[in-house]
Amino acid sequence: MRAILLTTLLLVGCAENPADNKPVAQVSSATASVSPAPTSAAVGGVRYVLNPETSKVAWTGSKVTGSHDGGFSKFMGEITVVEDNPEKSSVNLEIDAESIFADDAKLTTHLKSADFFDVSKFPKASFQSTAITKAGEGYSLAGDLTMHGVTKNISFPARITINPEAVTAQAEFSINRGDFGITYKGKADNLIREEVVIKLDLNAPKAQ
Numbered sequence: 017m018r019a020i021l022l023t024t025l026l027l028v029g030c031a032e033n034p035a036d037n038k039p040v041a042q043v044s045s046a047t048a049s050v051s052p053a054p055t056s057a058a059v060g061g062v063r064y065v066l067n068p069e070t071s072k073v074a075w076t077g078s079k080v081t082g083s084h085d086g087g088f089s090k091f092m093g094e095i096t097v098v099e100d101n102p103e104k105s106s107v108n109l110e111i112d113a114e115s116i117f118a119d120d121a122k123l124t125t126h127l128k129s130a131d132f133f134d135v136s137k138f139p140k141a142s143f144q145s146t147a148i149t150k151a152g153e154g155y156s157l158a159g160d161l162t163m164h165g166v167t168k169n170i171s172f173p174a175r176i177t178i179n180p181e182a183v184t185a186q187a188e189f190s191i192n193r194g195d196f197g198i199t200y201k202g203k204a205d206n207l208i209r210e211e212v213v214i215k216l217d218l219n220a221p222k223a224q
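Okay, so the sequence shown: first residue is 17 according to the working numbering, each after it adds one.
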């Protein structure tokens with residue numbers, strides 16, 4: 017029966033993968049098992065504190081029959097800027113995993129379970145930058161991402177804008193959830209893809 021279902025899917029075709037046209041984050045071993053302190057380059061810089069009301073940490077996941085959008089409603093962080101130069105600066109973000117949501121209530125509940133984020137065991141996710149380098153018209157942002165109890169160093173393209181009152185950063189890229197031990201495959205006739213699109217839109221006013 018499983019083989020018949022899979023064959024049927026191949027014959028009728030699969031839904032488009034939202035990650036196909038997004039940059040793929042480069043993944044390597046983490047620089048530390050936990051999020052490190054800000055880099056020395058950022059010490060003594062100007063602090064900009066993330067405003068969750070005007071920022072977004074979102075995602076898009078998909079399966080062979082369609083896709084779902086969602087995000088996290090609770091997160092905090094800061095961007096420390098040195099000499100108005102992104103390459104000397106740092107980004108720190110902490111996410112409440114329990115605040116994950118999807119465009120379907122049943123999926124939201126499932127995502128919090130041990131099949132996915134297992135939020136009772138891993139209540140927090142975090143990102144601490146380790147390097148910011150110029151790349152084309154934007155930047156390459158690298159850092160330690162801790163999620164589901166696994167820490168990996170990832171790098172992805174980002175747009176960073178600094179002005180006296182606020183810093184903004186935007187990025188859209190895909191990661192492989194399997195790199196972070198999230199391996200639930202779904203049903204044989206509705207397999208879940210490993211690629212997940214991450215969408216960041218961060219707005220950090222200057223700290224008072």
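Where is the CB? At the ideal position from N, CA and C, for every residue including glycine.
Query raised in the report: Under a three-way DSSP split, which group does T81 fall into?
Result: To locate residue 81, count along the sequence shown from 1; it is residue 65. In this structure, T81 counts as coil in the three-state DSSP scheme.
Query raised in the report: According to DSSP, what are the bridge partners of G197?
Result: Position 181 of the sequence shown holds residue 197. Partner(s): none; G197 has no beta bridge.
Query raised in the report: How close, in whole Å, do the beta carbons of F172 and F196 come, if the pair is a contact with beta carbons under 8 Å?
Result: Position 156 of the sequence shown holds residue 172. Position 180 of the sequence shown holds residue 196. Not confirmed; about 15 Å, so no contact.
Query - Cβ-Cβ separation, G87 to V109 (assumed contact under 8 Å), whole Å - result: Numbered from 1 along the sequence shown, position 93 holds the residue referred to as residue 109. Numbered from 1 along the sequence shown, position 71 holds the residue referred to as residue 87. According to the sequence provided, residue 109 is Leu. The question's Val does not apply to it. Not confirmed; about 13 Å, so no contact.
Query - Same chain, Cβ closer than 6 Å to M163, neighbours up to 5 away in sequence not counted - result: Counted from its first residue, the sequence shown places residue 163 at position 147. Cβ within range, chain order: A141, F196.
Query raised in the report: With 16 as the cutoff for other CB atoms within 10 Å, does N179 come out buried or exposed?
Result: Walking along the sequence shown from the start, residue 179 turns up at place 163. The residue in question, N179, is exposed, as its Cβ has fewer than 16 Cβ neighbours within 10 Å.
**Report entry** Three CB pairs or more closer than 8 Å across the region 62-76 and the region 209-217
**Finding:** Enough Cβ pairs lie closer than 8 Å, so yes.
Query - Entirely enclosed beta strand (DSSP E) segments - the region 102-175, minimum 3 residues - result: 116-118, 140-151, 154-163
**Report entry** Cα-Cα separation between P139 and K128, rounded to whole angstroms
**Finding:** Locating residue 139 in the sequence shown gives position 123, where the first residue counts as 1. Locating residue 128 in the sequence shown gives position 112, where the first residue counts as 1. So the two alpha carbons sit approximately 10 Å from each other.
Report task. Taking P221 and I148 to be in contact with their CB atoms under 8 Å, please state how far apart those CB atoms are, rounded to whole angstroms. Result -> If you number the sequence shown from 1, residue 221 lands on position 205. If you number the sequence shown from 1, residue 148 lands on position 132. Not really, about 20 Å apart at Cβ, beyond 8 Å.
Query - Straight-line Cα distance separating R175 from K90 - result: The count along the sequence shown starts at 1 and reaches residue 90 at position 74. The count along the sequence shown starts at 1 and reaches residue 175 at position 159. For K90 and R175, the distance between alpha carbons rounds to 23 Å.
Requested in this report: From the DSSP output, read off the bridge partner residues of A182.
Outcome: Sequence index remark: in the sequence shown, residue 182 carries index 166 (1-based). P221, per the DSSP bridge assignment.
Requested in this report: For A35, name the three-state secondary structure that DSSP assigns.
Outcome: Position 19 of the sequence shown holds residue 35. A35 falls in the helix class under three-state DSSP.
Report task. Give every residue of the same chain whose Cβ lies closer than 6 Å to the Cβ of A35, excluding the five residues on either side of it in the sequence, and list them in chain order. Result -> Counted from its first residue, the sequence shown places residue 35 at position 19. Here the set comprises S190, E211, V213.
Report task. Go through its chain and collect everything with a Cβ distance to A121's Cβ below 7 Å, but skip five positions before and after it. Result -> Position 105 of the sequence shown, counted from the start, is the residue given in the question as residue 121. Within the same chain, A121 has no close Cβ partners at all.
**Report entry** Whole-number beta carbon distance between N192 and T70, since they are thought to touch under 8 Å
**Finding:** As a position in the sequence shown, residue 70 is number 54, starting the count at 1. As a position in the sequence shown, residue 192 is number 176, starting the count at 1. About 30 Å separates the two Cβ atoms, so there is no contact after all.
Query - E210 - DSSP class collapsed to helix/strand/coil - result: As a working mapping, residue 210 is identified with position 194 in the sequence shown. Note: E210 maps to strand in three-state DSSP.
Query - E239 in three-state terms, based on DSSP - result: It is not possible to answer for residue 239, since the shown part of the chain is limited to 17 through 224.
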